[in-house]
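**Student:** What follows is a structure written as C-alpha coordinates; I'll ask about it next.
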Amino acid sequence: MKRTLIWFGCRSVLFAIGAAWGLGFISSPRATAQAPIPVGGEFQVNTYTTGGQHDGSVAAEASGDFVVVWESIGSSGTDSIGYSIQGQRYASNGSAQGAQFQVNTYTTSDQSGPSVAADADGDFVVVWHSAGSSGTDTSAYSIQGQRFASNGSAQGAQFQVNTYTTGYQDASAVATDSDGDFVVVWMSAGSSGTDTSAYSIQGRRYASDGSAQGAQFQVNSYTTGYQDGPSVAADADRDFVVVWTSPGSPGTDTSGYGIQGQRYASSGSAQGAQFQVNTYTTSGQYEGSVAVDSGGGFVVVWTSAGSSGTDTNGWSIQGQRYLSNGSASAGQFQINTYTTGFQSDTSVSSEADGDFVVVWQSDGSSGTDTSSHSILGQRYASDGSAQGAQFQVNSYTTGFQEYPSVASDADGDFVVAWQSDGSSGTDTGSYSIQGQRYGVAAPAPAVPAMSRATRFALAAALLLFGAAYALRRRA
(Lines of atoms letter the chains of each structure in order from A and count residues from 1; the text may use other names and numbers.)
(Lines give C-alpha, C1' and ligand atoms only; values in the text may rest on other atoms or scores of the structure.)
Protein backbone atom coordinates (compact mmCIF):
# COMPACT_ATOMS: atom_id res chain seq x y z
CA MET A 1 0.00 0.00 0.00
CA LYS A 2 2.84 2.37 0.85
CA ARG A 3 4.51 1.74 -2.52
CA THR A 4 1.23 2.42 -4.30
CA LEU A 5 0.81 5.76 -2.55
CA ILE A 6 4.39 6.73 -3.38
CA TRP A 7 3.83 5.82 -7.02
CA PHE A 8 0.59 7.76 -7.24
CA GLY A 9 2.41 10.78 -5.77
CA CYS A 10 5.16 10.49 -8.37
CA ARG A 11 2.57 9.95 -11.07
CA SER A 12 0.80 13.17 -10.06
CA VAL A 13 4.07 15.08 -10.35
CA LEU A 14 4.72 13.56 -13.79
CA PHE A 15 1.21 14.47 -14.88
CA ALA A 16 1.64 18.04 -13.66
CA ILE A 17 4.93 18.36 -15.55
CA GLY A 18 3.42 16.83 -18.67
CA ALA A 19 0.37 19.04 -18.54
CA ALA A 20 2.46 22.16 -17.99
CA TRP A 21 4.65 21.19 -20.93
CA GLY A 22 1.64 20.51 -23.10
CA LEU A 23 0.06 23.82 -22.21
CA GLY A 24 3.30 25.61 -22.98
CA PHE A 25 4.12 26.77 -19.45
CA ILE A 26 7.40 24.86 -19.68
CA SER A 27 9.22 25.30 -22.97
CA SER A 28 11.82 23.07 -24.53
CA PRO A 29 15.37 24.44 -24.44
CA ARG A 30 16.65 26.13 -27.59
CA ALA A 31 20.04 26.95 -29.03
CA THR A 32 21.29 30.27 -27.67
CA ALA A 33 22.64 32.96 -30.02
CA GLN A 34 26.33 33.41 -29.46
CA ALA A 35 28.18 36.70 -29.64
CA PRO A 36 31.66 36.59 -31.22
CA ILE A 37 34.55 36.26 -28.79
CA PRO A 38 37.74 38.30 -29.40
CA VAL A 39 40.74 35.97 -29.61
CA GLY A 40 43.82 37.75 -28.35
CA GLY A 41 44.15 41.50 -28.60
CA GLU A 42 44.14 43.91 -31.50
CA PHE A 43 47.41 43.51 -33.42
CA GLN A 44 49.46 45.56 -35.88
CA VAL A 45 49.87 43.85 -39.25
CA ASN A 46 52.58 45.97 -40.90
CA THR A 47 56.18 45.79 -39.70
CA TYR A 48 57.37 48.42 -42.23
CA THR A 49 56.31 51.69 -40.58
CA THR A 50 57.74 54.43 -42.83
CA GLY A 51 54.94 56.37 -44.49
CA GLY A 52 51.24 55.47 -44.43
CA GLN A 53 49.68 52.01 -44.75
CA HIS A 54 46.20 51.98 -46.28
CA ASP A 55 43.31 49.92 -47.66
CA GLY A 56 43.79 46.53 -46.00
CA SER A 57 42.12 43.43 -47.46
CA VAL A 58 41.98 40.03 -45.72
CA ALA A 59 41.24 36.47 -46.87
CA ALA A 60 41.04 33.21 -44.88
CA GLU A 61 41.31 29.55 -45.83
CA ALA A 62 39.00 26.84 -44.50
CA SER A 63 41.16 25.97 -41.46
CA GLY A 64 41.59 29.60 -40.38
CA ASP A 65 45.03 30.57 -41.71
CA PHE A 66 44.74 34.04 -43.24
CA VAL A 67 46.58 36.67 -45.25
CA VAL A 68 46.34 40.47 -45.17
CA VAL A 69 47.40 42.72 -48.06
CA TRP A 70 47.51 46.50 -48.21
CA GLU A 71 48.82 49.58 -49.99
CA SER A 72 52.03 51.06 -48.56
CA ILE A 73 53.75 54.39 -49.13
CA GLY A 74 57.14 52.83 -49.63
CA SER A 75 58.10 49.18 -49.29
CA SER A 76 59.93 46.67 -47.17
CA GLY A 77 61.07 45.20 -50.50
CA THR A 78 62.38 46.53 -53.81
CA ASP A 79 59.71 49.09 -54.66
CA SER A 80 60.98 52.58 -53.83
CA ILE A 81 58.83 54.45 -56.39
CA GLY A 82 55.81 55.58 -54.35
CA TYR A 83 53.04 53.14 -53.41
CA SER A 84 53.58 49.37 -53.31
CA ILE A 85 51.42 46.34 -52.43
CA GLN A 86 52.48 44.56 -49.24
CA GLY A 87 51.31 41.38 -47.54
CA GLN A 88 51.60 39.34 -44.35
CA ARG A 89 50.57 35.70 -43.77
CA TYR A 90 49.23 34.31 -40.48
CA ALA A 91 48.50 30.91 -38.99
CA SER A 92 45.04 30.25 -37.56
CA ASN A 93 46.39 30.95 -34.04
CA GLY A 94 47.34 34.49 -35.10
CA SER A 95 51.10 33.97 -35.31
CA ALA A 96 52.81 35.66 -38.28
CA GLN A 97 54.08 33.22 -40.92
CA GLY A 98 57.30 34.61 -42.32
CA ALA A 99 58.07 38.28 -42.79
CA GLN A 100 56.05 41.06 -44.41
CA PHE A 101 56.47 40.72 -48.20
CA GLN A 102 56.10 42.83 -51.33
CA VAL A 103 53.44 41.55 -53.74
CA ASN A 104 54.20 43.58 -56.89
CA THR A 105 57.30 42.95 -58.97
CA TYR A 106 56.55 45.78 -61.42
CA THR A 107 57.83 48.82 -59.51
CA THR A 108 57.60 51.71 -61.97
CA SER A 109 54.90 54.14 -60.73
CA ASP A 110 52.25 53.55 -58.03
CA GLN A 111 50.50 50.30 -57.12
CA SER A 112 47.22 50.74 -55.22
CA GLY A 113 43.87 49.29 -54.09
CA PRO A 114 44.65 45.60 -53.42
CA SER A 115 42.12 42.80 -53.00
CA VAL A 116 42.94 39.23 -51.90
CA ALA A 117 41.13 35.87 -52.00
CA ALA A 118 42.18 32.44 -50.73
CA ASP A 119 41.08 28.91 -51.60
CA ALA A 120 40.36 26.09 -49.11
CA ASP A 121 44.03 25.04 -48.96
CA GLY A 122 45.42 28.53 -48.40
CA ASP A 123 46.72 29.30 -51.89
CA PHE A 124 45.83 32.92 -52.60
CA VAL A 125 45.71 35.55 -55.31
CA VAL A 126 46.12 39.32 -55.05
CA VAL A 127 44.85 41.87 -57.58
CA TRP A 128 45.33 45.65 -57.67
CA HIS A 129 45.46 48.61 -60.02
CA SER A 130 48.77 49.82 -61.32
CA ALA A 131 49.77 53.17 -62.81
CA GLY A 132 51.47 51.32 -65.63
CA SER A 133 51.73 47.63 -66.44
CA SER A 134 54.05 44.67 -66.60
CA GLY A 135 52.06 43.71 -69.70
CA THR A 136 50.55 45.45 -72.72
CA ASP A 137 48.56 48.25 -71.06
CA THR A 138 50.54 51.47 -71.32
CA SER A 139 47.59 53.90 -71.53
CA ALA A 140 46.89 54.52 -67.83
CA TYR A 141 45.91 52.35 -64.85
CA SER A 142 45.81 48.60 -65.48
CA ILE A 143 44.65 45.65 -63.35
CA GLN A 144 47.51 43.44 -62.19
CA GLY A 145 47.57 40.12 -60.35
CA GLN A 146 49.91 37.72 -58.58
CA ARG A 147 49.26 34.17 -57.41
CA PHE A 148 50.83 32.65 -54.30
CA ALA A 149 51.07 29.18 -52.77
CA SER A 150 49.93 28.66 -49.19
CA ASN A 151 53.55 28.90 -48.00
CA GLY A 152 53.81 32.43 -49.46
CA SER A 153 55.91 31.58 -52.51
CA ALA A 154 54.93 33.38 -55.72
CA GLN A 155 53.32 31.14 -58.34
CA GLY A 156 54.33 32.35 -61.76
CA ALA A 157 54.96 35.97 -62.64
CA GLN A 158 52.89 39.09 -62.02
CA PHE A 159 50.25 39.25 -64.77
CA GLN A 160 47.97 41.81 -66.40
CA VAL A 161 44.27 40.99 -66.06
CA ASN A 162 42.63 43.45 -68.47
CA THR A 163 42.91 43.01 -72.23
CA TYR A 164 40.92 46.17 -72.99
CA THR A 165 43.52 48.91 -72.51
CA THR A 166 41.82 52.18 -73.52
CA GLY A 167 41.40 54.56 -70.60
CA TYR A 168 42.07 53.46 -67.05
CA GLN A 169 41.08 50.35 -65.14
CA ASP A 170 40.42 50.67 -61.40
CA ALA A 171 38.67 49.29 -58.26
CA SER A 172 39.41 45.60 -58.73
CA ALA A 173 38.09 42.73 -56.60
CA VAL A 174 38.80 38.98 -56.66
CA ALA A 175 37.08 35.80 -55.46
CA THR A 176 38.17 32.15 -55.48
CA ASP A 177 36.31 28.88 -55.24
CA SER A 178 37.49 26.09 -52.92
CA ASP A 179 39.81 24.64 -55.60
CA GLY A 180 41.54 27.92 -56.43
CA ASP A 181 39.83 28.89 -59.67
CA PHE A 182 39.24 32.63 -59.46
CA VAL A 183 37.44 35.55 -61.04
CA VAL A 184 38.50 39.21 -61.13
CA VAL A 185 36.11 42.15 -61.60
CA TRP A 186 36.90 45.84 -61.94
CA MET A 187 35.69 49.24 -63.09
CA SER A 188 36.77 50.28 -66.57
CA ALA A 189 36.70 53.71 -68.24
CA GLY A 190 35.19 52.22 -71.33
CA SER A 191 34.32 48.65 -72.20
CA SER A 192 35.28 45.62 -74.24
CA GLY A 193 31.52 45.14 -74.67
CA THR A 194 28.46 47.27 -75.34
CA ASP A 195 28.87 49.96 -72.66
CA THR A 196 30.29 53.06 -74.33
CA SER A 197 28.62 55.65 -72.10
CA ALA A 198 31.19 55.95 -69.30
CA TYR A 199 32.48 53.47 -66.72
CA SER A 200 31.53 49.81 -66.99
CA ILE A 201 32.05 46.70 -64.84
CA GLN A 202 34.40 44.17 -66.45
CA GLY A 203 35.41 40.67 -65.45
CA ARG A 204 37.76 37.82 -66.28
CA ARG A 205 37.85 34.18 -65.14
CA TYR A 206 40.96 32.11 -64.38
CA ALA A 207 41.79 28.49 -63.62
CA SER A 208 43.71 27.67 -60.45
CA ASP A 209 46.95 27.46 -62.46
CA GLY A 210 46.53 31.09 -63.56
CA SER A 211 45.43 30.40 -67.12
CA ALA A 212 42.67 32.69 -68.39
CA GLN A 213 39.31 31.02 -68.97
CA GLY A 214 37.69 32.80 -71.84
CA ALA A 215 37.92 36.47 -72.74
CA GLN A 216 37.38 39.60 -70.68
CA PHE A 217 33.63 40.22 -70.38
CA GLN A 218 31.27 43.06 -69.50
CA VAL A 219 29.17 42.44 -66.39
CA ASN A 220 26.60 45.26 -66.51
CA SER A 221 23.80 45.21 -69.07
CA TYR A 222 22.39 48.58 -67.93
CA THR A 223 24.79 51.05 -69.56
CA THR A 224 23.55 54.54 -68.64
CA GLY A 225 25.97 56.50 -66.48
CA TYR A 226 28.86 55.35 -64.30
CA GLN A 227 29.05 51.78 -62.99
CA ASP A 228 31.43 51.61 -60.04
CA GLY A 229 32.69 49.74 -56.97
CA PRO A 230 32.31 46.05 -57.88
CA SER A 231 32.44 43.18 -55.38
CA VAL A 232 32.49 39.45 -56.25
CA ALA A 233 32.05 36.16 -54.40
CA ALA A 234 32.13 32.50 -55.53
CA ASP A 235 30.62 29.30 -54.14
CA ALA A 236 32.11 25.80 -53.93
CA ASP A 237 30.82 24.90 -57.43
CA ARG A 238 32.53 27.95 -59.04
CA ASP A 239 29.29 29.81 -59.61
CA PHE A 240 29.73 33.47 -58.71
CA VAL A 241 27.86 36.72 -58.21
CA VAL A 242 28.94 40.31 -58.83
CA VAL A 243 27.41 43.43 -57.23
CA TRP A 244 28.19 47.08 -57.90
CA THR A 245 26.93 50.66 -57.63
CA SER A 246 24.96 52.12 -60.53
CA PRO A 247 23.59 55.66 -61.13
CA GLY A 248 20.19 54.43 -62.14
CA SER A 249 18.69 50.99 -62.57
CA PRO A 250 16.85 48.69 -64.96
CA GLY A 251 14.60 48.10 -61.92
CA THR A 252 12.56 50.44 -59.72
CA ASP A 253 15.29 52.72 -58.35
CA THR A 254 15.28 55.93 -60.36
CA SER A 255 16.05 58.34 -57.50
CA GLY A 256 19.84 58.07 -57.50
CA TYR A 257 22.53 55.44 -57.09
CA GLY A 258 21.39 51.86 -56.49
CA ILE A 259 23.00 48.45 -55.90
CA GLN A 260 22.94 46.13 -58.90
CA GLY A 261 23.85 42.45 -59.23
CA GLN A 262 24.46 39.71 -61.77
CA ARG A 263 24.75 35.95 -61.18
CA TYR A 264 27.00 33.66 -63.22
CA ALA A 265 27.43 29.91 -63.68
CA SER A 266 30.88 28.36 -63.36
CA SER A 267 31.16 28.43 -67.15
CA GLY A 268 30.93 32.23 -67.10
CA SER A 269 27.44 32.33 -68.58
CA ALA A 270 25.07 34.86 -67.02
CA GLN A 271 22.29 33.35 -64.89
CA GLY A 272 19.22 35.46 -65.40
CA ALA A 273 19.22 39.21 -65.95
CA GLN A 274 20.96 42.00 -64.07
CA PHE A 275 18.91 42.71 -60.94
CA GLN A 276 18.42 45.52 -58.45
CA VAL A 277 19.37 44.58 -54.89
CA ASN A 278 17.92 47.46 -52.84
CA THR A 279 14.17 47.81 -52.38
CA TYR A 280 14.51 51.07 -50.40
CA THR A 281 15.06 53.59 -53.19
CA THR A 282 15.04 57.00 -51.49
CA SER A 283 18.37 58.77 -52.01
CA GLY A 284 21.60 56.92 -52.86
CA GLN A 285 22.78 53.35 -52.18
CA TYR A 286 26.54 52.77 -52.37
CA GLU A 287 29.49 50.44 -51.74
CA GLY A 288 27.98 46.98 -52.11
CA SER A 289 29.79 43.93 -50.72
CA VAL A 290 28.75 40.31 -51.37
CA ALA A 291 29.47 36.95 -49.73
CA VAL A 292 28.42 33.46 -50.86
CA ASP A 293 28.00 30.26 -48.84
CA SER A 294 29.05 26.82 -50.10
CA GLY A 295 25.60 26.10 -51.53
CA GLY A 296 25.35 29.31 -53.54
CA GLY A 297 23.11 31.32 -51.22
CA PHE A 298 24.43 34.85 -50.87
CA VAL A 299 24.06 38.07 -48.94
CA VAL A 300 24.66 41.64 -50.11
CA VAL A 301 25.37 44.56 -47.77
CA TRP A 302 25.78 48.23 -48.63
CA THR A 303 25.76 51.84 -47.43
CA SER A 304 22.45 53.65 -47.72
CA ALA A 305 21.87 57.40 -47.48
CA GLY A 306 18.76 56.70 -45.45
CA SER A 307 17.20 53.48 -44.18
CA SER A 308 14.30 51.10 -44.56
CA GLY A 309 14.61 50.61 -40.77
CA THR A 310 15.12 52.77 -37.68
CA ASP A 311 18.20 54.80 -38.72
CA THR A 312 17.06 58.24 -39.79
CA ASN A 313 20.22 60.14 -38.77
CA GLY A 314 22.32 59.73 -41.89
CA TRP A 315 23.89 56.80 -43.68
CA SER A 316 23.00 53.30 -42.53
CA ILE A 317 24.15 49.76 -43.33
CA GLN A 318 21.57 47.68 -45.18
CA GLY A 319 21.45 44.05 -46.26
CA GLN A 320 19.54 41.60 -48.45
CA ARG A 321 19.76 37.79 -48.41
CA TYR A 322 19.28 35.59 -51.49
CA LEU A 323 18.72 31.92 -52.23
CA SER A 324 21.07 30.13 -54.63
CA ASN A 325 18.54 30.57 -57.47
CA GLY A 326 18.77 34.35 -57.12
CA SER A 327 15.41 34.91 -55.43
CA ALA A 328 15.39 37.31 -52.48
CA SER A 329 14.97 35.67 -49.08
CA ALA A 330 12.74 37.89 -46.92
CA GLY A 331 13.11 41.66 -47.20
CA GLN A 332 15.85 44.27 -47.06
CA PHE A 333 17.03 44.77 -43.46
CA GLN A 334 18.99 47.32 -41.46
CA ILE A 335 22.21 45.99 -39.93
CA ASN A 336 23.41 48.76 -37.61
CA THR A 337 21.64 49.30 -34.29
CA TYR A 338 23.85 52.27 -33.35
CA THR A 339 22.30 55.09 -35.38
CA THR A 340 24.18 58.24 -34.35
CA GLY A 341 26.19 59.72 -37.22
CA PHE A 342 27.16 58.01 -40.46
CA GLN A 343 27.64 54.27 -40.99
CA SER A 344 29.60 53.37 -44.15
CA ASP A 345 32.32 51.30 -45.88
CA THR A 346 30.93 47.86 -45.15
CA SER A 347 32.34 44.37 -45.75
CA VAL A 348 30.66 40.95 -45.40
CA SER A 349 31.94 37.38 -45.12
CA SER A 350 30.06 34.08 -45.06
CA GLU A 351 30.96 30.69 -43.66
CA ALA A 352 30.16 27.45 -45.49
CA ASP A 353 26.75 26.96 -43.79
CA GLY A 354 25.56 30.47 -44.57
CA ASP A 355 26.09 32.21 -41.23
CA PHE A 356 27.67 35.58 -41.96
CA VAL A 357 29.32 38.56 -40.34
CA VAL A 358 29.19 42.23 -41.38
CA VAL A 359 31.69 44.93 -40.41
CA TRP A 360 31.64 48.64 -41.16
CA GLN A 361 33.00 52.06 -40.29
CA SER A 362 30.93 54.10 -37.85
CA ASP A 363 30.96 57.79 -37.05
CA GLY A 364 31.01 57.03 -33.32
CA SER A 365 30.46 53.75 -31.51
CA SER A 366 28.04 51.78 -29.37
CA GLY A 367 31.16 50.67 -27.46
CA THR A 368 34.16 52.47 -25.96
CA ASP A 369 35.38 54.44 -28.99
CA THR A 370 34.11 58.00 -28.66
CA SER A 371 37.05 59.74 -30.33
CA SER A 372 36.04 59.48 -33.98
CA HIS A 373 35.43 56.69 -36.48
CA SER A 374 35.30 53.15 -35.09
CA ILE A 375 34.92 49.67 -36.60
CA LEU A 376 31.66 47.91 -35.71
CA GLY A 377 30.34 44.43 -36.49
CA GLN A 378 27.26 42.21 -36.34
CA ARG A 379 26.95 38.44 -36.76
CA TYR A 380 23.96 36.67 -38.32
CA ALA A 381 22.70 33.12 -38.57
CA SER A 382 22.00 31.71 -42.03
CA ASP A 383 18.29 32.48 -41.56
CA GLY A 384 19.06 36.19 -41.16
CA SER A 385 18.57 36.37 -37.39
CA ALA A 386 21.11 38.52 -35.52
CA GLN A 387 23.49 36.50 -33.33
CA GLY A 388 24.23 38.53 -30.24
CA ALA A 389 24.49 42.31 -30.19
CA GLN A 390 26.37 44.75 -32.41
CA PHE A 391 30.02 44.90 -31.24
CA GLN A 392 33.02 47.22 -31.51
CA VAL A 393 36.04 45.65 -33.22
CA ASN A 394 38.85 48.12 -32.46
CA SER A 395 40.29 48.46 -28.97
CA TYR A 396 42.75 51.23 -29.96
CA THR A 397 40.48 54.29 -30.06
CA THR A 398 42.73 57.27 -30.83
CA GLY A 399 42.06 58.84 -34.23
CA PHE A 400 40.22 57.36 -37.20
CA GLN A 401 39.59 53.63 -37.68
CA GLU A 402 38.49 53.09 -41.29
CA TYR A 403 37.86 50.78 -44.28
CA PRO A 404 37.41 47.37 -42.66
CA SER A 405 37.67 44.00 -44.40
CA VAL A 406 36.46 40.69 -42.93
CA ALA A 407 37.12 37.02 -43.74
CA SER A 408 35.67 33.83 -42.22
CA ASP A 409 36.94 30.25 -42.07
CA ALA A 410 34.77 27.16 -42.52
CA ASP A 411 33.72 27.13 -38.84
CA GLY A 412 32.67 30.77 -38.72
CA ASP A 413 35.71 32.09 -36.84
CA PHE A 414 36.74 35.34 -38.51
CA VAL A 415 39.34 38.07 -38.69
CA VAL A 416 38.91 41.80 -39.36
CA ALA A 417 41.60 44.07 -40.81
CA TRP A 418 41.37 47.85 -41.12
CA GLN A 419 43.27 51.10 -41.53
CA SER A 420 44.08 52.95 -38.29
CA ASP A 421 45.22 56.53 -37.72
CA GLY A 422 47.95 55.41 -35.33
CA SER A 423 48.57 52.06 -33.70
CA SER A 424 48.51 50.17 -30.47
CA GLY A 425 51.77 48.63 -31.72
CA THR A 426 55.05 50.01 -33.05
CA ASP A 427 53.76 52.17 -35.92
CA THR A 428 53.59 55.74 -34.69
CA GLY A 429 54.43 57.38 -38.01
CA SER A 430 51.07 57.54 -39.76
CA TYR A 431 48.29 55.16 -40.75
CA SER A 432 48.85 51.49 -39.89
CA ILE A 433 47.03 48.24 -40.68
CA GLN A 434 45.41 46.64 -37.65
CA GLY A 435 43.70 43.30 -37.12
CA GLN A 436 41.49 41.47 -34.63
CA ARG A 437 40.63 37.77 -34.58
CA TYR A 438 37.33 36.34 -33.34
CA GLY A 439 36.13 32.90 -32.33
CA VAL A 440 32.53 31.81 -32.36
CA ALA A 441 31.49 29.44 -29.57
CA ALA A 442 29.16 26.66 -30.63
CA PRO A 443 25.59 27.27 -29.42
CA ALA A 444 24.00 24.98 -26.86
CA PRO A 445 22.46 21.93 -28.58
CA ALA A 446 18.94 22.68 -29.69
CA VAL A 447 16.03 20.47 -28.70
CA PRO A 448 13.65 20.12 -31.65
CA ALA A 449 10.53 22.20 -31.20
CA MET A 450 7.29 20.27 -30.55
CA SER A 451 3.78 21.36 -31.31
CA ARG A 452 1.24 21.74 -28.51
CA ALA A 453 -0.63 18.67 -29.80
CA THR A 454 2.55 16.59 -29.56
CA ARG A 455 3.19 17.81 -26.03
CA PHE A 456 -0.40 16.90 -24.98
CA ALA A 457 0.04 13.43 -26.50
CA LEU A 458 3.24 12.88 -24.54
CA ALA A 459 1.59 14.11 -21.34
CA ALA A 460 -1.34 11.72 -21.86
CA ALA A 461 1.05 8.85 -22.56
CA LEU A 462 2.87 9.53 -19.29
CA LEU A 463 -0.46 9.53 -17.41
CA LEU A 464 -1.63 6.25 -18.99
CA PHE A 465 1.73 4.63 -18.30
CA GLY A 466 1.50 5.68 -14.64
CA ALA A 467 -2.06 4.37 -14.30
CA ALA A 468 -1.23 1.02 -15.92
CA TYR A 469 1.82 0.58 -13.73
CA ALA A 470 -0.17 1.40 -10.56
CA LEU A 471 -2.94 -1.13 -11.46
CA ARG A 472 -0.31 -3.81 -12.10
CA ARG A 473 1.26 -3.12 -8.71
CA ARG A 474 -2.17 -3.42 -6.99
CA ALA A 475 -2.82 -6.71 -8.71
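Count along the sequence shown from 1, add 535, and you get the number used in this note's numbering. Each residue gets a CB set at the ideal place from its N, CA and C atoms; glycine is no exception.
Return the CA-CA distance between G889 and Q922, expressed in angstroms with no decimal places.
**Tutor:** G889 and Q922 have their C-alpha atoms roughly 13 Å apart.
**Student:** May I have a chain-ordered list of the beta strand (DSSP E) segments no shorter than 3 residues that lie completely inside the stretch 713-783?
**Tutor:** The DSSP assignment places complete beta strand (DSSP E) segments of no fewer than 3 residues inside the stretch 713-783 at 717-724, 734-741, 747-753, 763-769 and 775-782, in order along the chain.
**Student:** Specify, as a first and last residue, the run of the beta strand (DSSP E) that D705 falls within.
**Tutor:** Q704 to T711
**Student:** Counting Cβ pairs closer than 8 Å, one from the stretch 681-688 and one from the stretch 707-714, do we hit at least three?
**Tutor:** Three or more Cβ pairs closer than 8 Å define a contact, and the stretch 681-688 falls short of that threshold against the stretch 707-714.
**Student:** Taking the alpha carbon of Q1020 as the point to measure from, which residue in Q927, G591 and S879 has its own alpha carbon closest?
**Tutor:** The structure shown has nothing for residue 1020, since the chain only spans 536 to 1010.
**Student:** What does the Cβ neighbour count give for S804, buried or exposed, with the cut at 16 atoms within 10 Å?
**Tutor:** exposed
**Student:** Could you tell me whether the Cβ atoms of Q936 and Q913 are closer together than 9 Å?
**Tutor:** no
**Student:** Is it true that the stretch 859-875 meets the stretch 892-899, where meeting means three or more beta-carbon pairs spaced less than 8 Å apart?
**Tutor:** yes
**Student:** Three-state secondary structure (DSSP) at W850?
**Tutor:** coil
**Student:** To the nearest whole angstrom, what separates the beta carbons of W953 and Y931, a pair I think is in contact under 8 Å?
**Tutor:** That belief does not hold up - the Cβ atoms of W953 and Y931 are roughly 10 Å apart, past 8 Å.
**Student:** Report the rounded CA-to-CA distance for A768 versus T847, giving the unit in angstroms.
**Tutor:** 30 Å
**Student:** Return the residue from the list V883, T845, N929 and T758 that minimises the CA-CA distance to G947.
**Tutor:** V883
**Student:** Hey, is the stretch 793-808 in contact with the stretch 771-782, meaning 3+ C-beta pairs nearer than 8 Å?
**Tutor:** yes
**Student:** Return helix, strand or coil for Y529, following the three-state DSSP convention.
**Tutor:** Outside the modelled stretch of the chain, which goes from 536 to 1010, sits residue 529, for which no answer is possible.
**Student:** Within 8 Å: the Cβ of G830 and any heavy atom of the ligand HEM?
**Tutor:** Among the components of this structure there are no ligands whatsoever, and the ligand HEM is therefore not found.
**Student:** What does a CB cutoff of less than 7 Å around A887 pick up in its chain, not counting 5 residues either side in sequence?
**Tutor:** So the list reads D828, S829 and A945, once near-sequence residues are dropped.
**Student:** Are T845 and Q820 close, meaning C-beta to C-beta below 9 Å?
**Tutor:** Contact flag unset, no.
**Student:** Looking at V574 and G974, is the spacing between their C-beta atoms short of 9 Å?
**Tutor:** Their beta carbons are under 9 Å apart, which means G974 touches V574 by this criterion.
**Student:** Suppose the cutoff is 6 Å on Cβ atoms and the five residues either side in sequence are ignored; what does the same chain contact list for T640 look like?
**Tutor:** Q693
**Student:** Using C-beta distances below 6 Å, list every residue in its chain close to P782, excluding the 5 sequence neighbours before and after it, in chain order.
**Tutor:** G760, Y761 and Y792
**Student:** Going by DSSP in three states, Y792 sits in which element: helix, strand or coil?
**Tutor:** strand
**Student:** Identify the residues that DSSP records as bridge partners of A653: which are they?
**Tutor:** F659
**Student:** What separation, rounded to the nearest whole angstrom, lies between the Cα atoms of S677 and Y703?
**Tutor:** 6 Å
**Student:** Using the DSSP secondary-structure output, state which residues sit across from F578 in a beta bridge.
**Tutor:** G970
**Student:** Report the residue from S824, H908 and G841 whose alpha carbon sits nearest the alpha carbon of T817.
**Tutor:** G841
**Student:** Which residue wins for smallest C-alpha separation from A594, given the options T585, W605, T584 and Q588?
**Tutor:** W605
**Student:** Go ahead and pull the three-state DSSP assignment for E596.
**Tutor:** Coil.
**Student:** Quick check on the DSSP output: what are the complete beta strand (DSSP E) runs of length 3 or more inside the stretch 940-968, in order along the chain?
**Tutor:** 949-956
**Student:** DSSP state of T585, grouped into three classes?
**Tutor:** coil
**Student:** Along the chain, where does the beta strand (DSSP E) containing F935 start, and where does it finish?
**Tutor:** Note, F935: premise wrong, no beta strand (DSSP E); not H, not E.
**Student:** In three-state DSSP terms, what is G680?
**Tutor:** strand
**Student:** I'd like to know whether the C-beta atoms of I794 and G832 end up nearer to each other than 9 Å.
**Tutor:** No, they are not a contact pair.
**Student:** Could you check if G680 is buried or exposed, using at least 16 other CB atoms within 10 Å of its CB as the buried criterion?
**Tutor:** Burial call: buried.
**Student:** Hey, how far is the Cα of V719 from the Cα of F810?
**Tutor:** 20 Å
**Student:** Starting from the C-beta of D763, find all residues in its chain whose C-beta is less than 7 Å away, skip the five residues before and the five after it, and write them out in chain order.
**Tutor:** Here the set comprises A706, M722, Y734, W779 and T780.
**Student:** Return the CA-CA distance between G609 and P649, expressed in angstroms with no decimal places.
**Tutor:** 15 Å
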